[in-house]
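Scroll down for the structure; my scribbles are underneath it.
Protein chains: 2
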Amino acid sequence: MSSIRPTIKDVALASGVTAGTVSRALRGDPRVIETTRRRIMEAAERLEYRPNLQARALQTGHTGALGLTCPSGPWILMHPYFAPMHAGVTSAASKDGVRVLLYMPAGEGKLELDRSNLQARELLDGRVDGGIIYQAQTLSPGVLEGLQKMGVAVVLMNTDEEIPGFFQVQSNTEQRLRESLRWAHELGARRIGVLGLSAGTPFNDVAWRGLESARLPVSVNYRAVEADDVYQEQAVRAAVDSLMEGKPEALIFNSEIHLGQHLARAGQAPGGPMLFGHGGIHTDSSLSYPGVHYVETDLWAAGVQAYLMFKDALQRKPPRSERLLWSRRPETPKG
Amino acid sequence: MSSIRPTIKDVALASGVTAGTVSRALRGDPRVIETTRRRIMEAAERLEYRPNLQARALQTGHTGALGLTCPSGPWILMHPYFAPMHAGVTSAASKDGVRVLLYMPAGEGKLELDRSNLQARELLDGRVDGGIIYQAQTLSPGVLEGLQKMGVAVVLMNTDEEIPGFFQVQSNTEQRLRESLRWAHELGARRIGVLGLSAGTPFNDVAWRGLESARLPVSVNYRAVEADDVYQEQAVRAAVDSLMEGKPEALIFNSEIHLGQHLARAGQAPGGPMLFGHGGIHTDSSLSYPGVHYVETDLWAAGVQAYLMFKDALQRKPPRSERLLWSRRPETPKG
DNA sequence: CTGAAAGCGCTTACAG
DNA sequence: CTGAAAGCGCTTACAG
Numbered sequence: 052m053s054s055i056r057p058t059i060k061d062v063a064l065a066s067g068v069t070a071g072t073v074s075r076a077l078r079g080d081p082r083v084i085e086t087t088r089r090r091i092m093e094a095a096e097r098l099e100y101r102p103n104l105q106a107r108a109l110q111t112g113h114t115g116a117l118g119l120t121c122p123s124g125p126w127i128l129m130h131p132y133f134a135p136m137h138a139g140v141t142s143a144a145s146k147d148g149v150r151v152l153l154y155m156p157a158g159e160g161k162l163e164l165d166r167s168n169l170q171a172r173e174l175l176d177g178r179v180d181g182g183i184i185y186q187a188q189t190l191s192p193g194v195l196e197g198l199q200k201m202g203v204a205v206v207l208m209n210t211d212e213e214i215p216g217f218f219q220v221q222s223n224t225e226q227r228l229r230e231s232l233r234w235a236h237e238l239g240a241r242r243i244g245v246l247g248l249s250a251g252t253p254f255n256d257v258a259w260r261g262l263e264s265a266r267l268p269v270s271v272n273y274r275a276v277e278a279d280d281v282y283q284e285q286a287v288r289a290a291v292d293s294l295m296e297g298k299p300e301a302l303i304f305n306s307e308i309h310l311g312q313h314l315a316r317a318g319q320a321p322g323g324p325m326l327f328g329h330g331g332i333h334t335d336s337s338l339s340y341p342g343v344h345y346v347e348t349d350l351w352a353a354g355v356q357a358y359l360m361f362k363d364a365l366q367r368k369p370p371r372s373e374r375l376l377w378s379r380r381p382e383t384p385k386g
Numbered sequence: 052m053s054s055i056r057p058t059i060k061d062v063a064l065a066s067g068v069t070a071g072t073v074s075r076a077l078r079g080d081p082r083v084i085e086t087t088r089r090r091i092m093e094a095a096e097r098l099e100y101r102p103n104l105q106a107r108a109l110q111t112g113h114t115g116a117l118g119l120t121c122p123s124g125p126w127i128l129m130h131p132y133f134a135p136m137h138a139g140v141t142s143a144a145s146k147d148g149v150r151v152l153l154y155m156p157a158g159e160g161k162l163e164l165d166r167s168n169l170q171a172r173e174l175l176d177g178r179v180d181g182g183i184i185y186q187a188q189t190l191s192p193g194v195l196e197g198l199q200k201m202g203v204a205v206v207l208m209n210t211d212e213e214i215p216g217f218f219q220v221q222s223n224t225e226q227r228l229r230e231s232l233r234w235a236h237e238l239g240a241r242r243i244g245v246l247g248l249s250a251g252t253p254f255n256d257v258a259w260r261g262l263e264s265a266r267l268p269v270s271v272n273y274r275a276v277e278a279d280d281v282y283q284e285q286a287v288r289a290a291v292d293s294l295m296e297g298k299p300e301a302l303i304f305n306s307e308i309h310l311g312q313h314l315a316r317a318g319q320a321p322g323g324p325m326l327f328g329h330g331g332i333h334t335d336s337s338l339s340y341p342g343v344h345y346v347e348t349d350l351w352a353a354g355v356q357a358y359l360m361f362k363d364a365l366q367r368k369p370p371r372s373e374r375l376l377w378s379r380r381p382e383t384p385k386g
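Protein sequences, first through last, are from chains A and B.
Quick note: the first sequence uses my numbering, first residue 52, plus one each step.
Quick note: the second sequence uses my numbering, first residue 52, plus one each step.
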C-alpha cells in the first residue's frame with residue numbers, strides 16, 4: 052500500500068539532485084554546498100517531506116526509541132505509584148528526542164509468568180534500542196540474559212531484590228516499611244497494624260524484612276493481601292477490618308490504591324489509628340489523604356534516573372544499581 | 052553497528068532454504084510444506100530468531116503501531132483524568148497486537164502552540180499508522196488536515212468543540228458542569244461557587260456554557276484559574292479562598308488535581324459547602340475524596356473507544372464523533 | 001562537492 | 001512447493 056507521503060526520492064527529483072545528496076543535506080553534512088542545500092531544504096518543505104524513521108533505523112542500526120514493558124498489564128499506566136515514573140522516563144527521553152514505545156500485555160488482571168517472559172522478548176522486535184522493564188523479578192533470568200546477549204540495552208525498574216549484572220533502579224520497599232514503623236513509634240504508637248498489598252511480586256517478604264529490621268519494642272500485626280485479591284473489594288475490606296479488631300494505634304499501608312474508602316473509614320473515625328502511607332512526590336499532593344503521614348518517594352525522579360541508566364546501558368558502561376530515596380512528609384491537618 | 056541478532060537469512064541458511072521461504076513459513080503461508088515448515092521453525096527457535104518489525108513495516112506499509120500525542124507535556128501521563136484513557140487505549144490496542152508509541156514534547160509545563168503543531172507532525176515519521184491526539188483544539192486546522200491528507204489515521208481525543216471531518220471522542224465538559232449544578236440545586240444549594248481549572252484549552256467557555264444551560268434559579272460565582280497558574284499553589288489557594296468568601300452552599304470543581312488540600316480545608320470544615328467533583332470510574336475509588344459528590348466518566352472506556360475509532364480510521368470508514376457519558380456517584384460518608 | 005551503488009531485513013509477485 | 005529478484009526508504013563508503 053503505497054502512501055501519499057513523499058520520499059527522499061521525490062525531494063531529490065524536485066531539487067535536481069540525487070537521493071544521497073538529499074540525505075546528506077538533511078542530516079547536516081557540511082560537505083553539501085550552501086546553494087544546493089538551500090534548494091533541497093525548500094523542496095523538502097514544499098513537499099512536506101518527513102524522513103521515514105523506520106527506514107533510517109534499518110540502516111543506522113539504532114531506532115531512537117526505548118521500550119517500556121511491564122508484565123502485569125496496562126493498569127500500571129494509571130497506577131499512581133507507577134504513572135509518575137513513566138512520565139519521568141518519557142520526559143527525560145523526549146529531551147533527547149528519544150521516543151517511548153509501550154509493550155503492555157493484553158491481559159486485564161493478574162500476572163502470567165509465561166506471558167511475561169514472552170512480553171520481554173518483544174524488545175527484540177527491532178523497533179527499540181532497548182527497554183526499561185518493570186517487575187523484572189518475575190522474569191526468568193534466562194530471558195534477561197538473552198536480551199543482553201542480543202544487544203538490547205536493559206534497565207530493570209523497581210526491583211525489590213538486586214539482580215547482579217544489570218542496570219537497575221531498586222525499590223525502597225524495605226526502607227519505607229522500616230521508616231514507617233520508626234515514625235509510628237516515635238509518635239507513640241505501640242500496637243501497630245500493617246497492611247501489605249502485593250502486586251504479584253515478593254513484596255510481602257521484603258516488607259516484613261523491613262519491619263523486623265527496625266528492632267523496635269512494638270507489637271506488629273501484618274496482614275497481606277495477595278495479587279489476585281487486590282482487585283477484590285471484599286478481600287481488602289476484610290483485611291482492614293481484621294486489623295482494626297486489634298485496636299491499633301497506627302496503621303501502615305503500602306498503597307492507598309484500592310484502600311481509600313476503607314482507610315477513610317478506619318482512620319477518620321474519632322480515636323482511630325494514625326495512618327502511615329507511601330506516597331509519591333510527583334503524584335501531586337492532591338492525591339494524598341489529609342490526615343495521613345507519608346513516607347514518600349520522588350517517583351518522577353526515579354523515572355528520569357532509569358532513563359539515564361538506559362543511556363549508560365546503550366553505551367555499554369558497567370552496570371550499576373541505585374536505590375530509591377524516601378523522605379518524610381508530615382500529615383496534613385484534616386479540617 | 053551490526054548487532055548479534057539473527058536475521059531471516061541466518062534462519063534460511065540454518066534450515067537449508069531461502070529467505071523467501073522462511074518468510075512464508077513464519078507468516079503461516081499454507082503453501083510451504085509441513086516438513087520444511089517444521090525445519091524452519093526449529094531453526095528459528097534454536098537461533099532465537101525474532102523478525103525485525105521495522106524491516107517488515109518498510110515492506111508492508113503498516114507498522115502495527117499507533118502514536119499517542121499530547122501537546123502539553125508528559126505530565127499528562129500521570130494525570131488522574133488522562134492516565135486511565137491511555138491505559139484504555141493501550142489495553143485495547145494490545146489485544147490486537149498493536150503497540151503504542153508516545154509522542155510527548157520535552158517541555159515541562161505550559162503549552163506552546165508552535166511546538167504542538169510540530170509535535171503532531173511527528174506522526175508522519177513512518178513509525179506509526181496513525182495516532183490519537185489529545186487537546187487537538189490547540190492545533191491549527193491545517194496540521195490536522197495535513198495529517199489526513201498524508202494518509203495517517205487520526206482520532207481526536209477529548210476535544211471540547213467538534214471539529215468536523217474527524218473521528219473524535221468528545222469531552223463532556225458542558226454536560227458535567229450542567230449536571231453538577233443541577234445536582235447541587237436538587238440537594239438544596241442556592242449559592243454556588245465554581246472553580247474552573249483550564250489546561251490551556253478553552254475549558255472555561257465551555258464550562259460556563261454548561262452552567263448557563265441549566266437555567267436554574269441559583270447564584271453562581273465562577274472563578275477561573277488559567278493554564279499558567281495551574282501549577283502555582285498560590286493561584287489555586289487564592290481562588291479557593293475567594294470563592295469561600297461568598298459562603299457558598301456548594302462548591303463545584305472540575306479537577307481535584309492541585310486542589311486536594313485546599314478542598315479538604317474548605318469542604319471538611321463543619322458547615323462547609325457540599326463538594327461536587329468530576330471523577331473517573333477507573334481512576335479507582337481510592338483516588339476520590341470522601342465527602343465529595345462525583346459526576347464521573349468512564350475514562351478507560353473512552354480510551355477503548357478511541358482505539359476502536361482508530362481502527363475505523365485505518366479502514367477509511369466515514370468519521371464520526373461521540374461524546375463521553377457521565378453518571379452520578381453519591382458522596383462517600385466522611386467518617 | 002555530488003553521483004552511483006550496495007545494503008539494512010524483510011515481503012511478495014513471478015517463474016519454474 | 002520453493003527460488004531468484006526486485007523493492008520498501010533510507011545511509012554511507014567509494015569514486016570521481
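Note that the Cβ used here is the ideal one computed from N, Cα and C, for glycine as well.
On the DSSP bridge assignment, give the partners of A:TRP377 in chain order.
A:THR348
May I ask you to list the residues that DSSP assigns as paired with B:VAL220?
B:MET208 and B:GLU373
Say whether chain B places a C-beta atom closer than 9 angstroms to the C-beta of A:GLN105.
yes
Interface residues of chain B around A:VAL73 at Cβ under 7 angstroms?
Those do not exist, as A:VAL73 stays about 16 angstroms from chain B at its closest Cβ, beyond 7 angstroms.
Helix or strand or just coil, what does DSSP make of A:VAL83?
coil
Residues in the segment 58 to 70 of chain B with C-beta within 7 angstroms of chain A's C-beta atoms, listed in sequence order?
none
Is DSSP giving A:SER336 helix, strand or coil here?
At A:SER336 the pLDDT is 49, less than 50, meaning the model places this residue with poor confidence; the figure from the coordinates comes in the next sentence. Helix.
Determine, for B:ALA134, whether the minimum Cβ-Cβ distance to residues of chain A falls below 9 angstroms.
yes
Beta strand (DSSP E) containing B:ILE55: first to last residue?
First-last for B:ILE55: undefined, no H or E at that position.
One question on the structure: do B:MET345 and B:GLY139 come within less than 9 angstroms of each other, judged by their Cβ atoms?
Met is not the amino acid found at residue 345 of chain B; the sequence shown has Tyr there. Contact flag unset, no.
For B:GLY261 versus B:GLN226, is the C-beta distance shorter than 9 angstroms?
yes
How would you list, in chain order, the residues of chain A whose beta-carbon sits under 9 angstroms from the beta-carbon of B:THR141?
PRO125, LEU128, LEU153 and MET155
Is there a Cβ of chain B sitting closer than 9 angstroms to that of A:LEU389, yes or no?
A query on residue 389 of chain A cannot be resolved here, the shown segment of chain A reaching from 52 to 386 and no further.
Residue range of the unbroken beta strand (DSSP E) whose run includes B:VAL73:
From DSSP, B:VAL73 is part of no beta strand (DSSP E) but of the alpha helix (DSSP H) over 70 to 77.
Are A:ALA187 and A:PHE217 close, meaning C-beta to C-beta below 9 angstroms?
yes
Between the segment 175 to 208 of chain A and chain B, which residues of the former have CB atoms less than 9 angstroms from a CB of the latter, in chain order?
LEU175, ASP176, GLY177, ARG178, GLY197, LYS200, MET201, GLY202 and VAL203
Check B:VAL281 in the structure and name its three-state DSSP category.
Unreliable placement is indicated for B:VAL281, whose pLDDT of 48 sits below 50; the coordinate value is still reported in the next sentence. Three-state DSSP puts B:VAL281 in a helix.
With 16 other Cβ atoms within 10 Å as the buried cut-off, status of A:ARG88:
buried
Taking the C-alpha atoms as reference points, what is the distance between A:ALA31 and A:ASP180?
No information on residue 31 of chain A is available, as it lies outside the stretch 52 to 386 that chain A covers here.
Ignore the nearest five residues each way along the sequence and tell me which others in B:GLU213's own chain have a CB closer than 6 angstroms to its CB.
SER372
How is the beta strand (DSSP E) around A:ASN272 delimited, first residue to last?
270 to 276
Starting from A:ILE303, follow its DSSP beta bridges and name the residues at the other end.
A:VAL245 and A:PHE327
Can you tell me whether B:ILE184 is helix, strand or coil according to DSSP?
strand
Express the C-alpha separation of A:ASN209 and A:SER169 in angstroms, rounding to a whole number.
A small fix is needed here, since residue 169 of chain A is Leu in this sequence, not Ser. Between A:LEU169 and A:ASN209, the C-alpha separation is close to 20 angstroms.
Could you tell me if A:THR72 is buried or exposed, where buried requires 16 or more neighbouring beta carbons within 10 angstroms of its beta carbon?
buried
Name the chain B residues that come within less than 9 angstroms of A:SER293, Cβ to Cβ?
Neighbours of A:SER293 on chain B: none; closest Cβ ~19 angstroms, over 9 angstroms.
What is the DSSP secondary structure of B:LEU365, reduced to helix, strand or coil?
helix
Just the chain B side, please: which residues come within less than 8 angstroms of A:ALA108 by C-beta, in chain order?
GLN105
Could you please give me the residues that DSSP links to B:THR120 through a beta bridge?
B:TYR154 and B:ILE184
Beta-carbon of A:ALA456 versus every beta-carbon of chain B: anything under 9 angstroms?
Within the shown structure, residues of chain A are numbered from 52 to 386, placing residue 456 of chain A beyond reach of any answer.
How close, in whole Å, do the beta carbons of A:VAL83 and A:ARG75 come, if the pair is a contact with beta carbons under 8 angstroms?
5 angstroms
From the DSSP output, in three-state form, read off B:VAL203 for me.
coil
Measuring only between beta-carbons, confirm whether A:ARG88 sits less than 9 angstroms from chain B.
no
Alpha helix (DSSP H) containing A:TRP126: first to last residue?
Neither: A:TRP126 is in no alpha helix (DSSP H) and is coded neither H nor E.
Whether A:SER249 touches A:ASN255 by CB criterion (9 angstroms):
yes
The alpha helix (DSSP H) with A:LEU174 in it runs from where to where?
Premise fails: A:LEU174 is in no alpha helix (DSSP H) and is neither H nor E.
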